[in-house]
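J.: If you're matching positions, the sequence shown starts at 684 in our numbering and goes up one per residue.
Beta carbons are placed, not taken as given, at the ideal position from N, Cα and C, and that holds for glycine.
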Amino acid sequence: MAVPASLEGIEKVWSQVWEQNGTYRFDRSVTRDEVYSIDTPPPTVSGALHVGHVFSYTHADAVARFQRMRGRAVFYPMGWDDNGLPTERRVQNYYGVRCDPSLPYDPGYTLPAEPPSRPQPISRRNFVELCRNLTELDEQAFEALWRHLGLSVDWSLTYATIDDRSRAISQRAFLRNLARGEAYLADAPTLWDVTFRTAVAQAELEDRERQGNYYRLTFHSATGDKIYVETTRPELLPACVALVAHPDDARYQHLFGSTAVTPLFGVPVPVRAHPLAQPDKGSGIAMICTFGDLTDVLWWRELALPTRPVMGRDGRLLSEPPPGVVSADAVAAYRMLAGLTAFSAKAKIVELLRAAGELETEPRPTTQAVKFYEKGDKPLEIVTTRQWYVRNGGRDTELRAALVRRGRELTWSPEFMHSRYENWVEGLSGDWIISRQRFFGVPIPVWYPLDDSGEPDHEHPILPEDTALPVDPSSDAPPGYQESQRNQPGGFMADPDVMDTWATSSLTPEIAGGWSVDDDLFARVFPMDLRPQAHEIIRTWLFATVLRSHQEFSRLPWNTALLSGWILDPDRKKMSKSKGNTVTPMALLEEYGSDAVRYWAVSGRPGTDTAFDTGQMKIGRRLAIKILNATKFVLRFGSPTLLAPQVAQVTEPLDRSMLARLASVVGSATAGFTQYDYTRSLECTEQFFWSFCDDYLELVKERAYGEPDDPAVRSAHTALALALHTLLRLFAPLLPFVTEEAWSWWQEGSVHRAAWPTRQELASTDDSAESGELLGLAADLLAAIRRAKSEAKQSMRVPVAQLTLRGRAPDLATFALVSRDVRAAGVVREVNTAEADTPLTPEITLG
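(1) Can you tell me the Cα-Cα spacing of P1419 and A851, whole angstroms?
(2) Measuring CB to CB, does V952 end up less than 7 Å from A925?
(3) Excluding five sequence neighbours on each side, which residues of the same chain lie with their C-beta closer than 7 Å to the C-beta of G1059?
(4) What's the call for G1432, buried or exposed, on a 16-neighbour Cβ count within 10 Å?
(5) Which of the three DSSP states is assigned to H957 in this structure?
(6) For A1452, which three-state DSSP category applies?
(7) In angstroms with no decimal places, state the Cα-to-Cα distance between S1451 and R830.
(8) Around the Cβ of E1142, are there at least 16 other Cβ atoms within 10 angstroms (buried) or fewer (exposed)?
(9) Is G1355 near S1364, with beta carbons less than 7 Å apart?
(10) Contact between the stretch 744 to 759 and the stretch 718 to 730: three or more CB pairs below 8 Å?
(11) What's the call for F974, buried or exposed, on a 16-neighbour Cβ count within 10 Å?
(12) Between which two residues does the beta strand (DSSP E) harbouring T1409 extend?
(13) Does DSSP put W983 in a helix, in a strand, or in coil?
(14) In angstroms with no decimal places, state the Cα-to-Cα distance between A1084 and F1226.
(15) Where H957 and Y935 are concerned, what is the direct C-alpha to C-alpha distance, given to the nearest angstrom?
(16) Pairs of beta-carbons, one from the stretch 1012 to 1021 and one from the stretch 938 to 948, closer than 8 Å: are there three or more?
(17) Would you report the Cα separation of R1255 and M1100, rounded to the nearest angstrom?
(18) Would you list the residues sitting across from K1257 in a DSSP beta bridge?
(19) Throw me the rounded Cβ distance for the V1066 and M994 pair, which I believe falls under 8 Å.
(20) Taking the straight line between their C-alpha atoms, what separation do you get for V1469 and T1528?
(21) Is it buried or exposed, N1170, if we count other Cβ atoms within 10 angstroms and call 16 or more buried?
(22) On the DSSP letters alone, give me the boundaries of the alpha helix (DSSP H) that R1344 sits inside.
(23) Does the stretch 767 to 774 come close enough to the stretch 1120 to 1135 to have 3 or more Cβ pairs within less than 8 Å?
(24) Tell me which residue opens and which closes the alpha helix (DSSP H) that A933 is part of.
(25) Output the distance between the C-alpha atoms of V1501 and T1314, rounded to the nearest integer angstrom.
(26) Going by the CB atoms, is the gap between T1049 and Y898 shorter than 7 Å?
(27) What is the rounded straight-line gap between the Cα of S849 and the Cα of E1064?
(28) Using DSSP with H/G/I as helix, E/B as strand and the rest coil, what is F1316?
(29) Output yes or no for whether 7 Å exceeds the beta carbon distance between R1207 and R711.
(30) Rounded to a whole number of angstroms, what is the C-alpha to C-alpha distance between E1453 and K695?
(31) Could you check where the alpha helix (DSSP H) with C1376 kicks off and where it finishes?
(32) Does DSSP put F902 in a helix, in a strand, or in coil?
(33) Apply the 10 Å Cβ neighbour rule to E1081 and answer buried if 16 or more other Cβ atoms are within range, or exposed otherwise.
(34) If you drop the 5 nearest sequence neighbours on each side, which residues of the same chain put their C-beta closer than 8 Å to that of N1242?
(35) Are the CB atoms of W982 and V944 within a distance shorter than 7 Å?
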């Protein structure tokens, strides 16, 4: 059979065929027990995909393909996470604009021909329209790459986290949280990014080391004694509300219950005891400011201290002095700090303290871990704001314990990742802030009534009708009101915030499955079978999804979590867009071929960090080409047995041995996939395949070219057909393009809709250890013959004049079963055997 053996262009060809034939279309007529549903991660649409995406998404796709071949109807959707800060930042940079919510909507707005030198302010609605336009372009590019990679997604099952259905489901889930008391509005200390001007949740924090200084300030006790306090943030001195020391610290026990006076501002503050104070840190006594860090928040809350805010949402000190700063000198000192950034205010207050003689010694350098928003460039501040929260167990021990139990119900692959989840849940210190002071996101579906003086009543929010969802309070009027009443006394105002992107992403099983909008579909796919994701977002996406499902359904959202590791660059550092060390995947797919890149990807086990290695891709390409060549070799015989091979026709011991070994590989590969260890499946299949090509094909080649009516020849043809039929299916989930190409040369339909191979297909062969080892014995002898010829620098076709085998009688009898094929493959003219009490040992004499 004349067939081409090339990888060029097969991705485009087969992607089109799969789409035209609906090869991966989900069958929603089947029952839940026949479905395998996947909660696909919706990639963030904010630029380009990188090679880490290719790595992790290939893992999930391999599992999807395996389950489909096992007879399951695979629900494999694709979403686009297109709201949130990354998209806003990309739109701002791409178009040269910034959002100004105070501006009116311009229906005729057009972008300038050239990006302006300074960002152009536009209305919120115009800004959101630009976000939608750009994300749609990005989504098209993402889909093209995923198709090129060979993801077996049902492309009719796509969604975007900002589309109407996603917004309706997100808002409905929030309103149900609110009705059950799980969501609430509160004024509280909030982690705040001064660049993005938005609240930040605990899960979005990261510590970064920064150089700083300890400054030794002089407070004064009621009796006039000096109290030395060391701090890295002297600019927060006007926000000081107390001093705190450990209750067992004898140096300060006499001060507990008294007051001290702050330098410069002369404000009396209490001296309190708290077990979290560290006697060995600095001078052992600390000032509590509202707020310098999360410990300040904890002390402020537990000691019931007043609030004395000084930091504004723009990262500058407020224009007016805080409560308690009242004397003329204190107000004058504060006026010199007002409006300054934290950095400038620090320099100024150090200058003032030094001039007043209240700075003891020179600053002492230190390195400290400072909290940043994971996407931010400046240290976070803590400001008091009104925000929406969802209860997450951070302040509820019963809920926390329930979420820990949920984690123990979940199957983790790999299992050791479970501890990351549990440690996160146990370490939660507060509820989840879900409101964000941004523009491109799912609006908080709430309005507030205004009293006769125009003040909002936050205690009695106005909620939309369920049938009206999704709503945008900034442009939609609430029930019972007219648009003309917006922001008018006696009217209403919109909640200005949007939801955190995780508040929507935490509902991906509900969004993809059609919760509350397609009950029939939801019943067939939920709870889902698999959540594939990166391990670093266990604390955000995985935890939040478990939380929302627990609150709404009192159960897990899926049965198994499959965690991918990181991709490491040549310096063993994590590849990420923020580090600038990522690789664009399309060029790799075009250079090496998609199957080659997939080969590299599935070589990385779940949860294991894997090096970016084009060498592995080259090996994968070589494997793919070899699959085509091996298929071409098998098909050249054109025997009728190729299309309908019957295992009963395999009569020769060598052939039976090969199939017995293959049956064992089928068992191992199946077990690997069942346990989400696709790497194990690849390894055992690939190892057998190379032995099949290098050993079995060479051993059987001479016999296979014989007369088709010869039973021994028919045995060879049948064994070759059975092996090829099995191997293509074993490789199919991992290397989908080359296996489909090879399959199409001699089989009907798609290999990806063929049944996964079973050991029972090869059941009539003797799969005992001896039968499986027969091929190994023949291969070892052929290798010895080849080695002798190579060492003699002779062609492999040079005859062996004599092959003498010495060994035990059973071994010699075993050899006799494969003697014909070994002699033919090694071009051996004469074989002599002699019994000896030793392992089988060949002596080779070349002709």
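T.: Taking the definition as stated:
(1) Sequence index remark: in the sequence shown, residue 1419 carries index 736 (1-based). Sequence index remark: in the sequence shown, residue 851 carries index 168 (1-based). Cα to Cα, the separation comes out at about 37 Å.
(2) Against the sequence shown, residue 952 aligns to sequence position 269. Against the sequence shown, residue 925 aligns to sequence position 242. Using a Cβ distance threshold of 7 Å, V952 and A925 count as a contacting pair.
(3) Stepping through the sequence shown from its first residue, residue 1059 is reached at position 376. The beta carbon of G1059 sits closer than 7 Å to those of D876, T878, F879, all from its chain and outside the five residues before and after it, given in chain order.
(4) Here residue 1432 refers to the residue found at position 749 when the sequence shown is read from its first residue. When all chains shown are included, G1432 counts as exposed.
(5) As a position in the sequence shown, residue 957 is number 274, starting the count at 1. Taken through DSSP and simplified to helix, strand or coil, H957 comes out as coil.
(6) Taking the first residue of the sequence shown as 1, we reach residue 1452 at position 769. Model confidence at A1452 stands at a pLDDT of 41, short of 50, so the residue's coordinates are unreliable; what they give is reported in the following sentence. Helix, per DSSP.
(7) To locate residue 1451, count along the sequence shown from 1; it is residue 768. To locate residue 830, count along the sequence shown from 1; it is residue 147. Residue confidence for S1451 is low, a pLDDT of 46 falling below 50, so the modelled location carries little weight; the figure read from the coordinates is stated next. The C-alpha of R830 is placed about 43 Å away from the C-alpha of S1451.
(8) Here residue 1142 is taken as the residue at index 459 of the sequence shown, counted from 1. By the 16-neighbour rule on beta-carbons within 10 angstroms, E1142 is exposed.
(9) To locate residue 1355, count along the sequence shown from 1; it is residue 672. To locate residue 1364, count along the sequence shown from 1; it is residue 681. Yes; because the gap between Cβ atoms is below 7 Å, this pair is in contact.
(10) The stretch 744 to 759, when compared against the stretch 718 to 730, does touch it at the 8 Å Cβ threshold.
(11) In the sequence shown, residue 974 corresponds to position 291, counting from 1. With 16 or more Cβ atoms within 10 Å of its Cβ, F974 is classed as buried.
(12) Working through the sequence shown from its first residue, we reach residue 1409 at position 726. Secondary structure note for T1409: it is in no beta strand (DSSP E), and the uninterrupted alpha helix (DSSP H) holding it is 1394 to 1414.
(13) Counted from its first residue, the sequence shown places residue 983 at position 300. It is helical.
(14) Position 401 of the sequence shown, counted from the first residue, corresponds to residue 1084. Position 543 of the sequence shown, counted from the first residue, corresponds to residue 1226. Rounded to whole angstroms, A1084 to F1226 spans 13 Å at the Cα level.
(15) Counting from one through the sequence shown, the residue named residue 957 turns up at place 274. Counting from one through the sequence shown, the residue named residue 935 turns up at place 252. Straight-line measurement puts the Cα of Y935 at about 12 Å from the Cα of H957.
(16) Yes: at least three Cβ pairs fall under 8 Å.
(17) Here residue 1255 corresponds to residue number 572 of the sequence shown, with the count starting at 1. Here residue 1100 corresponds to residue number 417 of the sequence shown, with the count starting at 1. Cα to Cα, R1255 sits roughly 21 Å from M1100.
(18) As a first step, residue 1257 must be located in the sequence shown, where it is residue number 574. As computed with DSSP, K1257 is found in a beta bridge with L1251.
(19) Residue mapping note: residue 1066 aligns to position 383 of the sequence shown, counting from 1. Residue mapping note: residue 994 aligns to position 311 of the sequence shown, counting from 1. Contact holds; Cβ gap of about 6 Å.
(20) One-based indexing of the sequence shown puts residue 1469 at position 786. One-based indexing of the sequence shown puts residue 1528 at position 845. Correcting the residue type first, residue 1469 is Arg in the shown sequence and not Val. Roughly 12 Å between the two C-alpha positions.
(21) Residue 1170 sits at position 487 when you count from the first residue of the sequence shown. It is exposed - the Cβ of N1170 has fewer than 16 other Cβ atoms within 10 Å.
(22) Residue 1344 sits at position 661 when you count from the first residue of the sequence shown. Counting along the chain, the unbroken alpha helix (DSSP H) around R1344 starts and ends at 1336 to 1357.
(23) The stretch 767 to 774, when compared against the stretch 1120 to 1135, does touch it at the 8 Å Cβ threshold.
(24) Stepping through the sequence shown from its first residue, residue 933 is reached at position 250. Counting along the chain, A933 sits inside no alpha helix (DSSP H), nor does DSSP assign it H or E at all.
(25) For the purposes of this step, residue 1501 is taken as residue 818 along the sequence shown, with counting starting at 1. For the purposes of this step, residue 1314 is taken as residue 631 along the sequence shown, with counting starting at 1. Distance from the CA atom of V1501 to the CA atom of T1314, rounded to whole angstroms, is 24 Å.
(26) For the purposes of this step, residue 898 is taken as the residue at position 215 of the sequence shown. For the purposes of this step, residue 1049 is taken as the residue at position 366 of the sequence shown. Cβ distance not < 7 Å, so Y898 and T1049 don't count as in contact.
(27) Your numbering for residue 849 matches position 166 in the sequence shown. Your numbering for residue 1064 matches position 381 in the sequence shown. Going by the C-alpha atoms only, they are around 32 Å apart.
(28) Residue numbering aside, residue 1316 sits at position 633 when the sequence shown is read from its first letter. In the three-state reduction of the DSSP assignment, F1316 falls in the helix class, which pools H, G and I.
(29) Within the sequence shown, numbered from 1, the residue matching residue 1207 stands at position 524. Within the sequence shown, numbered from 1, the residue matching residue 711 stands at position 28. Taking 7 Å as the cut-off, the Cβ atoms of R1207 and R711 count as close.
(30) Along the sequence shown, one-based indexing puts residue 1453 at 770. Along the sequence shown, one-based indexing puts residue 695 at 12. With a pLDDT of 49 at E1453, under the threshold of 50, the modelled position of that residue is not reliable, and the figure given next carries that caveat. Those two C-alpha atoms are separated by around 45 Å.
(31) As a working mapping, residue 1376 is identified with position 693 in the sequence shown. Run containing C1376: none; DSSP gives neither H nor E here.
(32) Residue mapping note: residue 902 aligns to position 219 of the sequence shown, counting from 1. Judged by DSSP in its simplified three-state form, F902 adopts strand.
(33) Sequence index remark: in the sequence shown, residue 1081 carries index 398 (1-based). By the beta-carbon neighbour count (other beta carbons within 10 angstroms, threshold 16), E1081 is exposed.
(34) Here residue 1242 corresponds to residue number 559 of the sequence shown, with the count starting at 1. So the qualifying residues of the chain are L1093, T1094, P1210, M1211, D1212, L1213.
(35) The residue you call residue 944 lines up with position 261 of the sequence shown. The residue you call residue 982 lines up with position 299 of the sequence shown. At the C-beta level, V944 and W982 stay beyond 7 Å of one another.
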